[in-house]
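What follows is a set of notes on a single structure, which appears directly below.
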């Protein structure tokens, strides 16, 4: 299973923040872009190709406890 | 010798036989707190009046013949992201004391906040106890105070607080105040929470025992969430048996926490001295061996050799899917944390520290598909670990890659020239037990040449807390590292 290497560009990061309803100044975006992009790149590594029929590790139960 | 210096089981026996009153035990604990707190600032709030009320009530119950067990009348501190109801009999003061130190807080705070060490919750006063705290109250424990956390448990250094073995160094986190309080001898037991290592990291750095239970063993109701899928609650303690007593007391199914599993809670103390002869210990050949300080690796090797000497067999194992563990941890944790804090993040982001705010913002930018795929990877990692465990009973590894960094310089500089932030570095070896949900016990294993504690962790199969406690107990009984109280005042001088 290979890693998925992807880096969010300086244009993509503010776009997604705007869609998420977060107000982030351009100064703040510039100061933290490196952290945002490297963190998102790390996260993307947990989304490799080839997961096939694997189901997510979640625990919803219809039973009324 | 002061009462706070005695082991918990000895104190408990003195309380049971009425040779010592819970009031005297509590007073000793409060005196130690007053002594070390100026150097550590481990507490958000201290509760001397409540503690003495509870201790007097315990004293009366015991004298009336209603002894509840070995935790009855024993002081405890609680991480400040865990709710405790307003139980104070006096309401003399102001709540607007954000950032004030505990020794002063103690006399003017009349209600119990749960701030998560954040300005976002400076005035949050819960009206009910968390399930874990309620269970410890049922066992008769006495609340001394609420301890600092890295803001909302989102980090591993707890900048507000000093390490009891070197106050200019980090106590770790996020349960840093709890680790500092136990390491300094203020209490034998503290509660913490653990999403990527937040019980075991401060335990290892402060020289205490720390137990992250199996996911689902204990309820998280009343604990401010960092990540619903990865959060655990458990004890930090001076000795191994203390963690066994507290973990058993706070465990059990809770219909209000859908992660809890309806399985019987075992006796974690009886048989803790069964030894390790014939047991098989997995020794990792990868992952836990990469970018680890020599002294930390040697501490784990020495512990493994000691257990082998006691009759256990060491079996080399390869950690499966090692390259996906950290990305899976962060990909699950970050969007869950952001979802929990989204209202704050949209409406009052300036009240977060810049570090927490930046992490929460990054979580908002994660694709839902990346989150779901991380959960799918978690399924595969769990399956891989199940197979890895088939020839072994437990896995043994260093708890952390290195000892405590300076508070003023929270980075680790490796020999190859790379520089790693303390939180990321400390989480590396503890996160696997969060992703897999397996129980992990950190036990003090050695001291560095600079006198800083190092820990070793024993990871068990699901719901095998009694077994990993047996390994920890065996190490404690056969080494001279566990159960020490840090000489805080000498170190602070």
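Residue numbers (our numbering), protein chains in the order written: chain E, 39 to 103; chain H, 65 to 557.
Glycine is no exception: its CB is placed at the ideal position from the N, C-alpha and C atoms.
All of these numbers come straight from a predicted model, not from anything done at the bench.
Neighbours of residue 438/H in chain E, taken as residues whose beta carbon is under 8 Å from its own, are 81, 84, 85 in chain order. By the neighbour-count criterion, in which 16 or more other beta carbons inside 10 Å mark a residue as buried, residue 393/H falls on the buried side.
At least one C-beta of chain E is nearer than 8 Å to the C-beta of residue 388/H.
Counting along the chain, residue 266/H sits inside the alpha helix (DSSP H) bounded by residues 264-270. Chain order gives the chain E residues near residue 446/H as 95, where near means a beta carbon separation below 9 Å. Going by C-alpha positions, residue 52/E is about 10 Å away from residue 58/E. Under DSSP, residue 79/H forms no beta bridge with any residue.
Listed in chain order, the beta strand (DSSP E) elements of length 3 or more contained wholly in the region 301-371 of chain H are 344-348. For residue 258/H, the enclosing beta strand (DSSP E) stretches over residues 253-258. Non-local C-beta neighbours of residue 330/H in its own chain, meaning closer than 6 Å and more than five positions away in sequence, comprise 530, ordered along the chain. If you draw a 10 Å sphere on the C-beta of residue 480/H, you find fewer than 16 other C-beta atoms in it, and that means exposed. For residue 51/E, the secondary structure class from DSSP, reduced to helix, strand or coil, is helix.
Taking a Cβ-Cβ threshold of 7 Å, the residues of chain H close to residue 59/E are 410, in chain order. When Cβ-Cβ separations below 8 Å define contact, residue 51/E makes contact with chain H. The beta carbon of residue 442/H sits closer than 8 Å to some beta carbon of chain E. The C-beta of residue 130/H has fewer than 16 other C-beta atoms within 10 Å across all chains shown, which makes the residue exposed. By the neighbour-count criterion, in which 16 or more other beta carbons inside 10 Å mark a residue as buried, residue 98/E falls on the exposed side. Inclusion of residue 138/H and residue 205/H in the CB contact set at 8 Å is warranted, their separation being smaller than that value.
Comparing C-alpha distances from residue 80/E to each of 411/H, 473/H, 390/H shows the shortest one belongs to 390/H.
The Cβ of residue 434/H sits closer than 8 Å to at least one Cβ of chain E. When beta bridges are read from the DSSP output, residue 296/H appears opposite 258/H. The closest CA to that of residue 440/H, considering only 55/E, 85/E, 101/E, is found on 85/E. Following the DSSP letters along the chain, one finds residue 533/H inside the alpha helix (DSSP H) bounded by residues 529-542. For the pair of segments examined, the region 422-439 of chain H was found not to touch the region 469-478 of chain H: the number of CB pairs separated by less than 8 Å stays below three. For the pair residue 143/H and residue 260/H, the CB atoms are not nearer than the 8 Å cut-off. Nearest CB-CB separation between residue 71/E and chain H: not below the 8 Å threshold.
What residue 54/E touches in chain H, judged by beta-carbon distance under 7 Å, is 429, going in chain order. The contact set of residue 398/H on chain E, defined by CB atoms closer than 8 Å, consists of 77, 81 in chain order.
Residues of chain E with a Cβ closer than 9 Å to the Cβ of residue 323/H are, in chain order, 97.
The alpha carbon of residue 105/H has as its nearest neighbour, out of 97/H, 112/H, 91/H, the alpha carbon of 97/H.
By the criterion of at least three beta-carbon pairs nearer than 8 Å, the region 445-461 of chain H is not in contact with the region 209-227 of chain H. By alpha-carbon distance to residue 268/H, the top candidate from 185/H, 360/H, 408/H is 360/H.
Within chain E, no C-beta atom comes nearer than 8 Å to that of residue 451/H; the closest sits roughly 15 Å away.
Of the candidates 468/H, 80/H, 109/H, 80/H places its Cα closest to the Cα of residue 124/H.
A straight line joining the alpha-carbon of residue 101/H with that of residue 403/H spans about 35 Å. Distances from the alpha-carbon of residue 327/H to those of 527/H, 296/H, 93/H, 353/H put 527/H closest.
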